[in-house]
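The first sequence begins at 46 in the working numbering and counts up one residue at a time.
The beta carbon of each residue, even a glycine, is placed where N, CA and C say it ideally should be.
What follows is a short report on a single structure.
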Amino acid sequence: MSRIYKIQQKGYFHAMIELAKTYTAQQYEDEIYKKWEKAKSFEPDMKSKKSSFTISMPPPNATGTLHLGHAIMLAIQDIMTRFKRMQGHPTLWLPGTDHAAIATQNKVEKVLSEKGLDRHTLGREKFIKEVKAFVADSQSTIRNQIRKMGSSCDWSRERYTLDKGLSQAVMEVFERMYNDGIIYRGHRLVNWCPRCGSTLADDEVSHKEERGKFYWIKYGPFVLATSRPETKLGDTAVAVNPKDKRYKEFIGKKFMIPGVLGEFEIKVVADESVDPKFGSGAVKVTPAHSFTDYEIAQKHKLPLKQIIDESGRMMKNCGKYAGMTTLEARSAIVADMEKMGLIDHIEQNYLHNLSVCYRCGTVIEPIPSKQWFIDVNKPIIKEDGKKKSLKEKSIEVVKNGSIKILPSRFNKTYYHWMENLKDWCISRQIWWGHRIPVWYCQGCEKIFVSADKPEKCPKCKGKKLKQDEDTLDTWFSSGLWTFSTLGWPKDTEDLKKFHPTSVMETGYDILFFWIARMILMTTYVLKDIPFKTVYLHGLVRTKTGEKMSKSKPETCIDPLDMIEKYGADALRLSLIVGSSPGNDIRLYEEKIAGYRNFINKIWNSARYVFMNIDKEDIKATIEDVLNSKLSRVDKWILTRLNEVTESVTKKLEKHALSDAGTEIYDFLWGEFCDWYLEMSKVNKNKKVLAYVFKQIIVILHPFVPFVTEAIWAHVDPSMLIKKEWPIPEKKLKFPKEKAEINIIKSIIAEIRTLRAGSNVDITKKVDAIIYAGKHEALIHEKSEIIKKLAHLEKLDIRKSGFKVENALSAVVKDIEIYLPLKGLIDMDKEKTKLKKEIENARGLVVSIEGKLKNTGFLKNAPKEVVEREKARKEEFIGKLEKLENRLNSLV
RNA sequence: GGGCGCUUAGCUCAGUUGGCUAGAGCGACUGGUUUACACCCAGUAGGUCAUAGGUUCGAGCCCUAUAGCGCCCACCA
């Protein structure tokens, strides 16, 4: 606490401390974080008998630096974690990083290529060494940046997907699945990224619209349309719809088709999937390079002819086109076809849907290949005498409510994806990742699984063994994240205590990639769910709703810059307040600055409180407070504090973080500071002042941990992070006093409005007269407060009285307020204002009366609502009367 | 083609199970050295709640349709 200096001043608590006028986050945050860490505050209390609370932090890719997506996730998870920790639950927020196979490899390849190197010239071993160095570097960067956000995660349990333990989990699961026969090797069409040189899972392919040419080609007896004429070299059939009369006679027949490499034979097949209305209704079938065509070929037992290889080039069987990329081949072949008169016509600007790699944007080539797959349809999970497939089980745990997704509309998306899931291709032809633990005996061709390098073949005892060259899909290991990080396959304390985890909090963009995979893997391996609640946050966008991108630095916000400039607390609030699960959030600097102002407001309320209490007051307990002399103002603020505590707790319990944050914000600024602190300048109960302030700091802590901890250093020697969360108190309910103080507040507000609307010099104090009716005693008691807050010289309070000449007036309930301002009143303005108010009040009375005459309303509306309306009617009739009298007196 | 979301003040957003005269922050405007805070205080202006129907005693909220914007999924060659 370097900036707090001591001064000597008599009497008050503040004799010992004086806080700087403005809070400067940079001077506190790092220091406080270190203090928490040193005290092991983030580690769960293993002795507590309460239910545990766990969040597995979605592991940021070990490839770069913190961005706003991380920032929002850290803010949300930290609030949840701190709240539960303060409630006394053993709380674990487990951090870690992911090796992010393809993403990392791509990044390092890019760095290498800048040096003129590539991974093949380097070789597998050296390349992996490079990647490791890169990862170690970015891991330490990310660790520090996670700390910058104030994340209270347990670093002693940090994990990395390539850790020994986690790798063991991966091998163990692979072996189990292999033995269960749900991991198998198959030769089939896969998504191939020619740039990454690897397969991709179906959901790792994204789609992009592009305008291009659509070629209508002469094809024996047909004319048909294609966007990929180069694949003609791999055609083995033409498909038509069985109901299509135009082609009925051709079905089942074979034709010789003229092509750029001479004639070739195709068969005409009938298939329902062909849309007769699209194109010419006839489709050329290239089974080796199109998923649709592959399916047709399977059904009709058509031969497969591969013409494109794994580098995206035409193969040897393509004659003079061999070695060309598909694009080169396309233009060459079209040119040749044109010469041969095989092109009917070419449509320009045709809208295509391209499949591209989600990591590098390269166009995907479907090619046939031998790969490892997970069978998602095989009934393998034994339960209740039935056997369920991975898919069925994954759907079941969401359907039966074991896992709740927030917002719930994502259930539907999840089911749809799961139901349509095909076998998951898990082998990747990259080097960075978990190597597939499969060994091939060169002697007897035995294939077997072994995590470590085996001595000899278990069958023929031969020693010539070769490990599979491929690595596993990165989502295979991250699918195990919630339990592999807790020590599985060992039966650890942590696993027992913290699994299944409580909340999985992540962006909705990885619902399929990750959430679905975790459910799939965990229900298989542990026969249990990985988490109870899924909380999905949205994307952080610019003020105008665009995606943030580094290429537009004027709207792209770097969280670390913002922390440096406004503090982590301000950034956290700007990401939380006004955002709800599943919806995108717009972020811009003014918003962060606004919350920085709020942080400063907290700080200054602390300054005020500390300056106005005695040293021992800061220890005030609820008993001390209840034993002290409580004024109406004290009872009002205690009631409100209690209401807010209860409501904020409820909101946090149901993960309504934004609502909870807004409520404390409004309470601290709009009620505690604007009203209670101002009133306390007239008359104060120091114990109440200290108590209410302390409790606000406590419930603020999960949202703004740094500034609250910094303030707490002057409250109590123990740290706030471990302070218990307050429980609402029945003894702190004073509804009568709450209503009374609301009247006082309204009177003050009315007088302020009257003054501001008049020509009176605002700096000058004025006099006021109040006809208080039945509230005379109350207003008398609070007259000093009214005088101060409304800036009055003299206040004359009577039960009732005659009309006041030359005065501005207002009515609060049945209370009349007059400001006699000789010569400073614009009577016409005053009349207009009164007329407007009368009109308003009359309209209201009429509408309420209408309601009360309505038998439907009386019959159907809840009693409280009817009662409230009756009371309001009385109130406004009273007010209307006063206003009318006033207007008449002005004539 | 299927599914989903959004539309409330100039801007960014709240608005609980339908029930006070629809709120906040920023911006604009008028003023302000008062026991902390000008990163502040007091006040003012600004809204046909996208449109059209419907349900209801009562709709920003529920239902139906339409429009605009956005997202996700899908093999239209």
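Practice task
Could you check which residue in Ala-214, Lys-80 and Tyr-485 has the C-alpha nearest to that of Lys-501?
Solution key: Nearest C-alpha to Lys-501: Tyr-485.
Handout entry: Residue range of the beta strand (DSSP E) that includes Gly-231
Key = 228-238
Practice task
Could you say which of Thr-331, Pro-303 and Pro-287 lies nearest to Ile-296 if we only look at CA atoms?
Solution key: Pro-287
Exercise for the section: Check the DSSP bridge columns for Thr-578 and list the partner residues they point to. Expected result: Lys-449 and Val-548
Problem - Outcome for Arg-641 when other beta-carbon atoms lying within 10 angstroms are tallied against a minimum of 16 - result: That one is buried.
Problem - For Asp-812, three-class secondary structure by DSSP - result: strand
Handout entry: Neighbourhood of Thr-370 by C-beta, 7 Å cutoff - its chain only, sequence neighbours within 5 removed
Key = Gly-357 and Arg-358.
Problem - Whole-number beta carbon distance between Ile-786 and Glu-917, since they are thought to touch under 8 Å - result: In the sequence on display, residue 917 carries Arg and not Glu. Contact doesn't hold; Cβ gap of about 20 Å is too wide.
Problem - Element boundaries [beta strand (DSSP E), containing Ile-311] - result: From DSSP, the beta strand (DSSP E) with Ile-311 extends over 309-315.
Handout entry: For Val-180, the first and last residue of its enclosing alpha helix (DSSP H)
Key = Val-180 -> alpha helix (DSSP H) spans 169-193.
Handout entry: Three-way DSSP call (helix, strand, coil) for Asp-289 in this model
Key = coil
Practice task
Use the C-beta contact count for Val-910: other C-beta atoms within 10 angstroms, 16 or more gives buried, fewer gives exposed.
Solution key: So Val-910 counts as exposed.
Practice task
Entirely within the region 619-655 and at least 3 residues each: give me those beta strand (DSSP E) ranges in chain order.
Solution key: none
Practice task
Spatial neighbours of Asp-316 within its chain, please: CB distance less than 6 Å, with the 5 preceding and 5 following residues excluded, ordered by chain position.
Solution key: Ala-284 and Ile-341
Practice task
Locate the beta strand (DSSP E) running through Trp-957, then write down its first and last residues.
Solution key: Because the chain in this structure spans residues 46 to 936, residue 957 falls outside the shown range and cannot be described.
Handout entry: 8 Å contact criterion, which Lys-350 and Ala-333 should meet: CB distance rounded
Key = 6 Å
Exercise for the section: Starting from the Cα of Leu-765, find the closest Cα among Ile-744, Glu-774 and Phe-779 and give me that residue. Expected result: Shortest Cα-Cα distance from Leu-765 to any of Ile-744, Glu-774 and Phe-779 involves Ile-744.
Exercise for the section: Helix, strand or coil for Lys-209, going by three-state DSSP, please let me know. Expected result: helix
Handout entry: Continuous beta strand (DSSP E) stretch holding Gly-901: start and end
Key = Here Gly-901 belongs to no beta strand (DSSP E); instead the alpha helix (DSSP H) covers 900-905.
Exercise for the section: Could you pull out every unbroken alpha helix (DSSP H) segment of at least 4 residues lying fully inside the region 766-807, listed in chain order? Expected result: Correct list: 780-802.
Exercise for the section: Mind the definition here: the region 465-484 touches the region 241-257 only if three or more C-beta pairs lie below 8 Å; say whether that holds. Expected result: The region 465-484, when compared against the region 241-257, does touch it at the 8 Å Cβ threshold.
Exercise for the section: Would you check if there are 3 or more beta carbon pairs closer than 8 Å linking the region 117-137 to the region 439-455? Expected result: no
Exercise for the section: Might you give, ordered along the chain, the residues of its own chain that have their beta carbon closer than 6 Å to the beta carbon of Val-235, omitting 5 neighbours on each side? Expected result: Thr-244, Ser-414, Gln-416 and Cys-470
Handout entry: Exposure label - Val-891; buried when at least 16 CB within 10 Å
Key = By the 16-neighbour rule on beta-carbons within 10 angstroms, Val-891 is exposed.
Handout entry: Secondary structure of Glu-63, DSSP reduced to three states
Key = strand
Problem - Enclosing beta strand (DSSP E) for Thr-99 [first to last residue] - result: 98-101
Practice task
For the region 568-587 and the region 616-635, state whether three or more C-beta atom pairs, one from each stretch, are separated by less than 8 Å.
Solution key: yes
Problem - Endpoints, beta strand (DSSP E) assigned at Glu-255 - result: 250-264
Handout entry: Rounded separation between Leu-675 and Lys-781 - CA only
Key = Their backbone Cα atoms lie some 13 Å apart in a straight line.
Problem - Val-857 and Ser-791 closer than 7 Å at C-beta - result: Val-857 places its beta carbon less than 7 Å from that of Ser-791.
Handout entry: Nearest candidate by alpha-carbon position, reference Leu-306, set Glu-275, Val-314 and Thr-331
Key = Glu-275
Exercise for the section: Using 10 angstroms around the beta-carbon of Gln-393, count the other beta-carbons present and answer buried if the total reaches 16, otherwise exposed. Expected result: exposed
Handout entry: Cβ neighbours of Leu-799 in the same chain (closer than 8 Å, five flanking residues each side left out)
Key = Leu-853, Ser-854, Ala-855, Ile-862 and Leu-864
Practice task
Please classify Asn-730: is it buried, with 16 or more other beta-carbons within 10 angstroms of its beta-carbon, or exposed?
Solution key: buried
Exercise for the section: Tell me whether Cys-363 sits in a helix, a strand or coil according to DSSP, three-state version. Expected result: helix
Practice task
Have a look at the DSSP bridge pairing and note the partners of Val-283.
Solution key: Val-313 and Lys-329
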